[in-house]
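Report on one structure; see the data block that follows.
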Amino acid sequence: MLQLQTIRENKAALVTALKKRNIDADEMLSKVLSLDEKRRATQTELDNTLAESNKLSKEIGQLFKTGNVQEANALKEKTASLKEASKKLTETLNVAAEELHKLLYQIPNVPHESVPAGNTDADNEEVFRKGDIPKLSGDALPHWELAKKFDLIDFELGVKVTGAGFPIYKGKGAQLQRALISYFLDKNTEAGYTEVQVPHLVNEASGYGTGQLPDKEGQMYHVTADDLYLIPTAEVPITNMFRDELLSATDLPIQLTGYTPCFRREAGSYGAHVRGLNRLHQFDKVEIVRIEDPANSYKALDGMVEHVKGILDELKLPYRILRLCGGDLGFTSALTYDFEVFSTAQDRWLEISSVSNFETYQANRLKLRVKDADGKKQLAHTLNGSALALPRVLAGLLENYQTENGIKVPEVLVPYCGFEHID
RNA sequence: GGAGGAAUGGCAGAGUGGUCGAAUGCGGCAGUCUUGAAAACUGUUGAGGGUCACACCUCCGGGGGUUCGAAUCCCUCUUCCUCCGCCA
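Using the working numbering, the first residue of the first sequence is number 911, and each one after it goes up by one.
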C-alpha cells in the first residue's frame, strides 16, 4: 500500500499519477488524510491520558511503600475516570485505524512515469520484438490437437480426476515439462538467483503481504478448514519470507528463484481463449524474486527483463515485450513488462512472463525495511517475474516446433529431457 | 491426536506484581592504545508512534482479562522442545 507520509506530502501528484489507471483518487486520498488526522489526534489524546494514569500509578506505588494507605486509596479513585477515558479513546483509535487501513488497501500502486496511458491490453506499448515466426504447413495444428495426437497431455482425464483446467501430462509431455523446469531453474541459478522450495499454501497474512488479499480474494483457492490459501504464484511465499524483516543494506540485493505449481480459480474466464493450455486452474511456473535497494530497483528490473530475454533467445521462440498501460497494470505494480510468445497455430500472442517492480508498495504491507550503514531505515523495493510460466511456453514450443513428422525438441532442452523428437 | 515443558532485545540469558524497555555475556558501532591489526580498556547499541527538537505513548510470541499498576497473575490461540500414538 501507499505510504501515508507520501500521501501527506504529495497528494496532488499521486492523484495525477493514478489517473493513468483511469481512477480519480482525489476523494479517496482526502478521506485517507482526514482519517489519518483523526487517528493522530486521538492517539495524542490517548497518550496524554495514559501518561497521567502512569504518573498516578507510580505515586500510588510510592504511597503504599511508605505505608500511606489512606492517601493511596484516595488516589486510586482518581484513576477510574482516566481508565474509562482511555478505554473509549482506544476504541475510537482502533475504529479510525481500521477504517484507514481498509481504505489504504483499496488504493492501487502509483504507476511509474514511463507507464503509457490506456485502458486495455490493446493500449500496451510494444518495446521489443525478436524471433522469426515459423512458416508452418497448411495442416499445422494447435497445441491441444498436437497434445492429443502425440499423447502428451490428457485434458479429459484431468476433468475426471479433478475438473476442467487441471490437465494430466503424460509420457514425453510430462518429461518435457520437467525438462523445462530444470532448465529454467538452472538458467536462474547461473544468473545469481538462489533456488528455494517453498510451501504451496500460505496464511492470510502472507496473502495481504503481497497484495493478493483483499484485492483478489476470489481468485485464490481457500482451504477453509485451516484458513490457508493455495498460492496463485510463488511470488507470495517467496516475498513473504521477508515479511517483518529489517535487512541490512549489505544483505542486498536478494535474488531468489523457485519452482511451484500455481493455483488460480480464474472465476469468470471461459470461451475459446481458455482452450488447451492457454488458461488453467493449476499450472507450473518458475519465478524470480528480488529485494532491492530503492536506488537500484529499476536497474534490477532491466536486468530481469534481459535475463528472461536470454532464455527465450535460447529456446528460439518468437516473442515480444510489452510495457503495460495504466489500465492493464496489476494492482500492486508500478511498472510491468509482459513477455508474449507467438503461438503460430493459434495465430495469437500468449503471455508467458510478467516482470514487475512493486517499489515500496508490497514492502510497506510486508514491513520489509533496509537499514543502511548510517542506521537510516527505509522500505525496500520488491520485484518479481516469471522465468518462466510453463504451459504457454509448452504450447508455443509444440506449435512452433511442429514438423510434418512430429515435434522437434529445442536444442537446449535435449540434455534435459533426453530425446530430440516427439513422434 | 494424547501428556508435559517453554516462548524476553542481533544471539545467549536473568528477571514471578511497582522507577523494567528490561541485569549480564557475546556480537555490532565509536574512541583510547598501535605503523596497521589483534588483545585490552572506555563509551555506545531494540522497534514503532509522536514532536522543529524534546516531552510523552506503545511493544517482553498473538489476542483477551484481573489490578491504581503486568515481562511477572488468569483465560485463549499460535509456535517450539520432550515423551507416546500415527505416518510419506
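Virtual Cβ for every residue (Gly too), placed ideally from N, Cα, C.
C-alpha gap between residue i and residue j, whole angstroms
i: residue 988; j: residue 970; result: 11 Å
i: residue 1145; j: residue 1196; result: 10 Å
i: residue 1095; j: residue 1028; result: 35 Å
i: residue 996; j: residue 950; result: 15 Å
i: residue 1008; j: residue 1282; result: 31 Å
i: residue 1242; j: residue 945; result: 22 Å
i: residue 1318; j: residue 1132; result: 40 Å
i: residue 1221; j: residue 1210; result: 17 Å
i: residue 1075; j: residue 1143; result: 16 Å
i: residue 1010; j: residue 942; result: 6 Å
i: residue 1120; j: residue 975; result: 53 Å
i: residue 1050; j: residue 921; result: 55 Å
i: residue 1244; j: residue 962; result: 46 Å
i: residue 1275; j: residue 1031; result: 28 Å
i: residue 1037; j: residue 955; result: 54 Å
i: residue 1021; j: residue 1012; result: 21 Å
i: residue 928; j: residue 916; result: 14 Å
i: residue 953; j: residue 1072; result: 52 Å
i: residue 968; j: residue 1140; result: 51 Å
i: residue 918; j: residue 1212; result: 31 Å
i: residue 1216; j: residue 1097; result: 12 Å
i: residue 1259; j: residue 1014; result: 35 Å
i: residue 973; j: residue 992; result: 19 Å
i: residue 1002; j: residue 914; result: 19 Å
Per DSSP, cross-strand counterpart(s) of residue i
i: residue 915; result: According to DSSP, residue 915 bridges with nothing at all.
i: residue 1295; result: 1198, 1265
i: residue 1251; result: 1229, 1260
i: residue 1192; result: 1173
i: residue 950; result: The partner list for residue 950 (beta bridge, DSSP) is empty, contrary to what the question assumes.
i: residue 1040; result: 1229
i: residue 1133; result: 1138
i: residue 1079; result: 1063
i: residue 1112; result: 1139
i: residue 1313; result: 1316
i: residue 1334; result: One cannot answer for residue 1334 here, as it falls past the ends of the chain, which runs 911 to 1333.
i: residue 1272; result: Answer is none; residue 1272 lacks a bridge partner.
Buried versus exposed, by CB contacts within 10 Å (16 or more), residue i
i: residue 1124; result: exposed
i: residue 1043; result: exposed
i: residue 1156; result: exposed
i: residue 1138; result: buried
i: residue 1087; result: buried
i: residue 1331; result: exposed
i: residue 1308; result: buried
i: residue 1299; result: buried
i: residue 1250; result: buried
i: residue 1246; result: buried
i: residue 1067; result: exposed
i: residue 1147; result: buried
i: residue 984; result: exposed
i: residue 1349; result: Shown here, the chain extends from 911 to 1333; a query on residue 1349 therefore has no answer.
i: residue 1329; result: exposed
i: residue 1294; result: buried
i: residue 1061; result: exposed
i: residue 1115; result: exposed
i: residue 979; result: exposed
Nearest residue (CA-CA) to residue i, options the options
i: residue 1256; options: 1185, 1246, 1265, 1295; result: 1185
i: residue 1236; options: 1039, 930, 992, 1117; result: 930
i: residue 1171; options: 1317, 1296, 1272; result: 1296
i: residue 1323; options: 1160, 1276, 1112, 1092; result: 1092
i: residue 936; options: 913, 925, 1058; result: 925
i: residue 1232; options: 1253, 1210, 1262; result: 1262
i: residue 1135; options: 1143, 1111, 1118, 1321; result: 1111
i: residue 1304; options: 1126, 1127, 1090; result: 1090
i: residue 1118; options: 1069, 1023, 1016; result: 1016
i: residue 1081; options: 961, 1201, 1063, 1020; result: 1063
i: residue 1018; options: 972, 915, 1083, 939; result: 939
i: residue 1034; options: 1045, 1230, 1059; result: 1230
i: residue 933; options: 1055, 947, 1238, 1024; result: 1238
i: residue 964; options: 986, 1201, 1333, 980; result: 986
i: residue 1177; options: 1126, 1200, 1025, 1214; result: 1126
i: residue 1291; options: 1215, 1163, 1302, 1055; result: 1163
i: residue 1052; options: 1302, 1039, 1002, 1023; result: 1302
i: residue 1006; options: 1293, 957, 1026, 947; result: 947
Residue i CB to nearest heavy atom of the ligand GTP below 6 Å
i: residue 1190; result: As far as ligands go, the structure on display features none, and thus does not contain the ligand GTP.
Assess contact between the stretch 1311-1321 and the stretch 1190-1209, defined as three or more Cβ pairs (one per stretch) separated by less than 8 Å. Is contact present? No: the two stretches stay apart, fewer than three of their Cβ pairs being nearer than 8 Å.
I want to know whether the stretch 1267-1280 touches the stretch 1166-1175 - three or more CB-CB distances under 8 Å. Contact between the stretch 1267-1280 and the stretch 1166-1175 is not established, with fewer than three Cβ pairs separated by less than 8 Å.
Taking one C-beta from the stretch 1140-1155 and one from the stretch 1095-1112 each time, how about it: are there three or more such pairs within less than 8 Å? Taking 8 Å as the limit for Cβ pairs, the verdict is that the stretch 1095-1112 does touch the stretch 1140-1155.
Could you say if the stretch 1199-1208 and the stretch 1218-1225 meet the contact criterion of at least three C-beta pairs nearer than 8 Å? In the pairwise beta carbon analysis, the stretch 1199-1208 is classified as not touching the stretch 1218-1225: fewer than three pairs are separated by under 8 Å.
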